[in-house]
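Enquirer:
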Amino acid sequence: MTTPLLLQVERLTRCYGDLRAVDELSFTLARGQVLGFLGPNGAGKSTTLRMLAGVVTPDAGRIVIDGNDLFDQPQQAKQAIGYLPEQPPLYRELTVDEQLHYSARLHRLSRAAARTAVARVKERCGLTEVGVRLNGNLSKGYRQRVGIAQAILHDPPVIVLDEPTVGLDPIQLQAIRALIAELGQSHGVILSTHLLAEVQATCSHVQIMCAGRLVFTGELAELERRRESTCLRIGLNAPPPVSRLALLPGVDHVEVLGNDRFRLHHARDCDPHRAVVDQSCAAGWDLWELTPEYTDLERIFVDLTLGSNG
Amino acid sequence: MILSIAIRELRGLFVSPLAWSLLAVAQGLLAWIFLLLVDDFQNLQGRLVGLENPPGVTDLVVAPLFGVAAWCLLVLTPLLTMRLFSEERLSGTLDILLSAPVGTSAIVLGKYLGVLLFLFAAIALVALMPLALTAGADLDVGKLLAGLLGLILLAASFAAAGLYMSIVAAQPVVAAVSTLGLLLFLCIIDAAGGRETTSHPFAYLSLLRHYDALLLGVFDSADIAYYLLFSLAFLGLSIRRLSDGPPRD
Chain A
117 MTTPLLLQVE RLTRCYGDLR AVDELSFTLA RGQVLGFLGP NGAGKSTTLR MLAGVVTPDA
177 GRIVIDGNDL FDQPQQAKQA IGYLPEQPPL YRELTVDEQL HYSARLHRLS RAAARTAVAR
237 VKERCGLTEV GVRLNGNLSK GYRQRVGIAQ AILHDPPVIV LDEPTVGLDP IQLQAIRALI
297 AELGQSHGVI LSTHLLAEVQ ATCSHVQIMC AGRLVFTGEL AELERRREST CLRIGLNAPP
357 PVSRLALLPG VDHVEVLGND RFRLHHARDC DPHRAVVDQS CAAGWDLWEL TPEYTDLERI
417 FVDLTLGSNG
Chain B
398 MILSIAIREL RGLFVSPLAW SLLAVAQGLL AWIFLLLVDD FQNLQGRLVG LENPPGVTDL
458 VVAPLFGVAA WCLLVLTPLL TMRLFSEERL SGTLDILLSA PVGTSAIVLG KYLGVLLFLF
518 AAIALVALMP LALTAGADLD VGKLLAGLLG LILLAASFAA AGLYMSIVAA QPVVAAVSTL
578 GLLLFLCIID AAGGRETTSH PFAYLSLLRH YDALLLGVFD SADIAYYLLF SLAFLGLSIR
638 RLSDGPPRD
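In order, the protein sequence lines correspond to chains A and B.
Offset between the first sequence (1-based) and my numbering: plus 116.
Offset between the second sequence (1-based) and my numbering: plus 397.
1) Our contact map puts A:R240 next to A:L295 with C-beta atoms below 8 Å; I'd like the distance itself, whole angstroms only.
2) Are B:P461 and B:L434 closer than 9 Å when you measure CB to CB?
3) Which bits of chain B does A:R221 rub up against, with CB to CB less than 8 Å?
4) Rounded to whole angstroms, what is the Cα-Cα separation between B:S401 and B:A503?
5) Could you give the uninterrupted runs of the beta strand (DSSP E) lying entirely in the segment 164 to 220 of chain A, keeping only those of 3 residues or more?
6) Tell me which residues of the segment 469 to 499 of chain B have at least one Cβ-Cβ distance to chain A shorter than 8 Å, keeping chain order.
7) Looking at chain B, is there any beta carbon in it that lies within less than 9 Å of the beta carbon of A:Y207?
8) Given 8 Å as the limit, is there contact between the segment 573 to 588 of chain B and the segment 515 to 528 of chain B, that is, 3 or more CB pairs closer than that?
9) Express the C-alpha separation of A:E340 and B:R480 in angstroms, rounding to a whole number.
10) In angstroms with no decimal places, state the Cα-to-Cα distance between B:I404 and B:L470.
11) Within 9 Å of any Cβ in chain A, is that where the Cβ of B:G409 sits?
12) At 7 Å on the CB atoms, spell out the chain A contacts of B:S412, in chain order.
13) Please classify A:F153: does DSSP put it in a helix, a strand, or coil?
14) Are any of the Cβ atoms in chain B nearer than 9 Å to that of A:P201?
15) Interface residues of chain B around A:R249 at Cβ under 8 Å?
16) For A:I179 and A:V125, which I take to be in contact (beta-carbon distance under 8 Å), what is that distance rounded to the nearest angstrom?
17) In the structure shown, what three-state DSSP assignment does A:A137 receive?
18) Counting contacts by CB-CB distance shorter than 9 Å, is A:K238 in contact with chain B?
19) Establish whether the CB of A:K194 and some CB of chain B are separated by less than 9 Å.
20) Tell me, please, which residues DSSP counts as bridged to A:H321.
21) Please list the residues of the segment 161 to 180 of chain A that have a C-beta atom closer than 7 Å to any C-beta atom in chain B, keeping them in chain order.
22) Mind checking if B:R405 is an interface residue toward chain A, Cβ cutoff 9 Å exclusive?
23) Name the chain B residues whose beta carbon is nearer than 7 Å to that of A:Y218?
24) Shorter than 9 Å from the beta carbon of A:I197 to some beta carbon of chain B?
25) Under 8 Å Cβ-Cβ, which residues of chain B neighbour A:Q191?
26) Cα separation between A:Y410 and A:R390?
27) Report buried or exposed for A:P401, applying the criterion of at least 16 other Cβ atoms within 10 angstroms of its Cβ.
28) Counting only runs that start and end within the segment 423 to 483 of chain B, where is the alpha helix (DSSP H) found for 4 or more residues in a row?
29) Among B:R637, B:A630, B:I493, which has the Cα closest to the Cα of A:Y218?
30) Alpha carbon to alpha carbon, how far is A:V234 from B:G489?
31) Name the chain B residues whose beta carbon is nearer than 8 Å to that of A:R259?
32) Do the CB positions of A:H270 and A:Q215 come within less than 9 Å of each other?
33) I want to see whether chain A comes within less than 9 Å of B:I636, judged by CB atoms only; does it?
34) Counting pairs of Cβ atoms below 8 Å between the segment 202 to 213 of chain A and the segment 137 to 147 of chain A, do you hit three or more?
35) Rank A:E371, A:Q290, A:D376, A:T421 by C-alpha distance to the C-alpha of A:G328 and give the top, closest one.
36) Would you call A:H321 buried or exposed, if buried means 16 or more other Cβ atoms sit within 10 Å of its Cβ?
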């Protein structure tokens with residue numbers, strides 16, 4: 117069974133003067149996916165999301181949201197998308213309740229439907245206590261939450277969040293991540309961020325952008341698989357001389373870490389852990405730690421983004 | 398939908414000190430001029446009695462007052478309309494409207510209606526002053542209504558031009574200055590053709606020339622059509638411009 121596609125983007129291009137901010141970008145989003153948009157600053161993430169929301173007109177390309185072309189049937193397409201810009205778009209002079217009701221009216225919710233929708237999103241985003249406060253007086257974290265509430269108010273199948281967790285404290289962060297994960301089950305969610313931890317915590321799929329182009333797209337698991345291990349950390353109670361460890365099959369060189377611990381660097385496809393265990397038993401090295409060390413995602417990220425520039 | 402946007406716009410105006418201070422300044426200035434005009438009229442009254450067809454209080458107080466009110470509107474409107482799009486774009490709130498399933502024409506008309514309602518409130522306050530005279534003088538209601546209509550049409554034209562400038566300009570202050578420049582130019586453009594001839598094309602283009610006729614109580618449908626066409630043209634341009642996306646630099 118194929119999951120229905122909620123969003124199709126084809127050869128999307130947008131230039132600012134001579135700069136191609138987004139260059140023939142194509143991707144899709146299905147129901148049940150949480151897609152993390154990663155990239156260094158100025159990679160074109162925000163521009164892409166702004167085009168999806170219909171705020172910026174692309175120079176070329178096609179966007180189909182829930183079966184509606186954004187340029188042929190803009191109103192139906194926009195009804196199917198919820199968008200949180202980089203800066204939560206809030207009128208300073210409105211209260212949280214008024215802001216949400218206004219937004220509900222703009223999305224063609226009837227008065228009764230708006231009331232229940234506003235109550236629901238306030239509950240979900242932890243805003244029940246700040247309903248009568250003015251947007252202008254809210255802290256950054258609360259403003260962010262009102263922005264998210266506004267984006268999911270009309271229960272759109274596609275939710276686009278531009279850096280949704282900026283300015284949140286760790287407790288709010290947990291709550292919002294949980295909310296995104298929950299939304300991801302029944303909706304399609306796209307969120308942009310430059311924090312890899314964010315992607316690891318919330319996303320099922322990852323896209324890495326650099327200089328307006330996609331340099332990686334796939335499941336998070338696939339990105340994790342790229343984190344091949346090339347190091348093995350071991351701890352021995354009765355270590356042999358370092359030169360003896362360097363003789364183990366597959367080991368390139370040995371790093372002494374102190375406290376009877378060593379780091380064995382080895383080739384990608386030649387993991388010496390079995391040899392370590394065998395030799396340790398045979399020679400009585402008394403092995404007490406054996407940990408493969410993975411390249412962290414940051415490293416992969418840097419490799420991918422630098423690689424596309426080079 | 399249009400109404401929701403208009404109400405929000407109006408609310409935004411009324412909670413901002415800018416709108417209140419504009420109202421207060423305009424009202425204060427006009428009240429002072431009104432007092433001077435009434436005083437002048439009282440001094441003149443004795444001499445007017447001898448005339449065969451003397452000008453009434455409407456000609457000597459209301460028409461000049463509305464004449465000054467038009468200039469007040471000219472200065473006041475750009476300061477109101479600059480907020481409409483420029484400021485919202487700067488603060489990012491325009492994204493709410495652009496990403497909502499609302500057509501560009503509804504956005505433009507909603508905002509136009511909002512600022513228009515505010516201007517109508519300002520005009521209503523100005524109209525209260527001559528109405529206070531009904532207690533002690535005979536007002537020519539026809540002339541008063543023609544003048545009010547003129548003021549309303551003028552406000553509608555100013556607001557439409559200001560709205561367009563607000564979409565075009567990236568900065569609110571630039572929007573205000575260019576609106577003021579455009580409106581002033583359109584008001585004094587008839588100076589080029591010599592102020593006497595009404596048939597001259599420059600004279601015909603002048604915003605105030607058509608208003609003067611209404612102040613005299615001359616209700617010409619061509620004047621009305623001029624203002625309506627002027628407003629419609631700028632609203633049309635605004636809708637087109639907004640559909641094209643944000644201004645590029």
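Each residue gets a CB set at the ideal place from its N, CA and C atoms; glycine is no exception.
In this text, all values refer to a predicted model and were calculated from it rather than measured experimentally.
Expert: Reading from the atomic positions:
1) Position 124 of the first sequence, counted from the start, is the residue given in the question as residue 240 of chain A. Position 179 of the first sequence, counted from the start, is the residue given in the question as residue 295 of chain A. Confirmed, about 6 Å.
2) Reading the second sequence from its first residue, position 64 is the one you call residue 461 of chain B. Reading the second sequence from its first residue, position 37 is the one you call residue 434 of chain B. The answer is yes: Cβ separation under 9 Å.
3) For the purposes of this step, residue 221 of chain A is taken as residue 105 along the first sequence, with counting starting at 1. M398, S401, listed in chain order.
4) As a first step, residue 401 of chain B must be located in the second sequence, where it is residue number 4. As a first step, residue 503 of chain B must be located in the second sequence, where it is residue number 106. Their Cα atoms are separated by approximately 10 Å.
5) Assignment of beta strand (DSSP E) within the segment 164 to 220 of chain A, counting only whole runs of 3 or more residues, yields 176 to 181, 197 to 200 in chain order.
6) S488, G489, T490, L491, D492, I493, L494, L495, S496, A497, P498, V499
7) On the first sequence, position 91 is the one that residue 207 of chain A refers to. By this cut-off, A:Y207 is an interface position.
8) Proximity of the segment 573 to 588 of chain B to the segment 515 to 528 of chain B falls short of the contact definition, fewer than three beta-carbon pairs being nearer than 8 Å.
9) Reading the second sequence from its first residue, position 83 is the one you call residue 480 of chain B. Reading the first sequence from its first residue, position 224 is the one you call residue 340 of chain A. Taking the straight line from one Cα to the other gives about 49 Å.
10) For the purposes of this step, residue 404 of chain B is taken as the residue at position 7 of the second sequence. For the purposes of this step, residue 470 of chain B is taken as the residue at position 73 of the second sequence. C-alpha separation (whole angstroms): 21 Å.
11) For the purposes of this step, residue 409 of chain B is taken as residue 12 along the second sequence, with counting starting at 1. Closer than 9 Å: yes.
12) For the purposes of this step, residue 412 of chain B is taken as residue 15 along the second sequence, with counting starting at 1. The sequence as given places Val at residue 412 of chain B; Ser does not occur at that position. E209, listed in chain order.
13) Locating residue 153 of chain A in the first sequence gives position 37, where the first residue counts as 1. Here A:F153 sits in strand by DSSP.
14) One-based indexing of the first sequence puts residue 201 of chain A at position 85. By this cut-off, A:P201 is an interface position.
15) Here residue 249 of chain A refers to the residue found at position 133 of the first sequence. Within 8 Å Cβ-Cβ: nothing; A:R249 doesn't reach chain B, min ~14 Å.
16) In the first sequence, counting from the first residue as 1, residue 179 of chain A sits at position 63. In the first sequence, counting from the first residue as 1, residue 125 of chain A sits at position 9. Correct: roughly 6 Å between the Cβ atoms.
17) The residue labelled residue 137 of chain A in the question sits at position 21 within the first sequence. DSSP places A:A137 in strand when its eight states are reduced to three.
18) Walking along the first sequence from the start, residue 238 of chain A turns up at place 122. Put simply, the CB of A:K238 is far from chain B, with every gap to its CB atoms at 9 Å or more.
19) Position 78 of the first sequence holds residue 194 of chain A. Cβ-Cβ to chain B under 9 Å: yes for A:K194.
20) Locating residue 321 of chain A in the first sequence gives position 205, counting from the first residue. Paired residue(s): A:L151, A:E335.
21) A169, G170, V171, V172, T173
22) Residue 405 of chain B sits at position 8 when you count from the first residue of the second sequence. It does: the Cβ of B:R405 has a partner Cβ on chain A nearer than 9 Å.
23) Start at 1 with the first residue of the first sequence, and residue 218 of chain A comes out as number 102. The contacting residues are S401, R405.
24) For the purposes of this step, residue 197 of chain A is identified with residue 81 of the first sequence, where counting begins at 1. Cβ-Cβ to chain B under 9 Å: yes for A:I197.
25) Here residue 191 of chain A refers to the residue found at position 75 of the first sequence. Per Cβ cutoff of 8 Å: P498, V499, G500.
26) Within the first sequence, the letter at position 294 stands for residue 410 of chain A. Within the first sequence, the letter at position 274 stands for residue 390 of chain A. The straight-line gap from Cα to Cα measures roughly 18 Å.
27) What you label residue 401 of chain A is simply residue 285 of the first sequence in a count that begins at 1. The amino acid occupying residue 401 of chain A in the given sequence is Trp; Pro does not appear at that position. Flag for A:W401 reads buried.
28) Within the segment 423 to 483 of chain B, the complete alpha helix (DSSP H) runs of at least 4 residues are 460 to 478.
29) Along the first sequence, one-based indexing puts residue 218 of chain A at 102. Checked all of B:R637, B:A630, B:I493; the closest Cα to A:Y218 is B:I493.
30) Here residue 234 of chain A refers to the residue found at position 118 of the first sequence. Here residue 489 of chain B refers to the residue found at position 92 of the second sequence. Each residue's Cα considered, the two are about 22 Å apart.
31) In the first sequence, the residue the question calls residue 259 of chain A occupies position 143. Simply none; closest approach about 11 Å.
32) The residue you call residue 270 of chain A lines up with position 154 of the first sequence. The residue you call residue 215 of chain A lines up with position 99 of the first sequence. No, these two residues do not count as a Cβ contact at 9 Å.
33) Translated into the one-based positions of the second sequence, residue 636 of chain B becomes position 239. Judged by the 9 Å Cβ criterion, B:I636 is not in contact with chain A.
34) no
35) Taking the first residue of the first sequence as position 1, residue 328 of chain A is located at position 212. Minimum Cα distance to A:G328 is reached at A:T421.
36) Working through the first sequence from its first residue, we reach residue 321 of chain A at position 205. It is buried - the Cβ of A:H321 has at least 16 other Cβ atoms within 10 Å.
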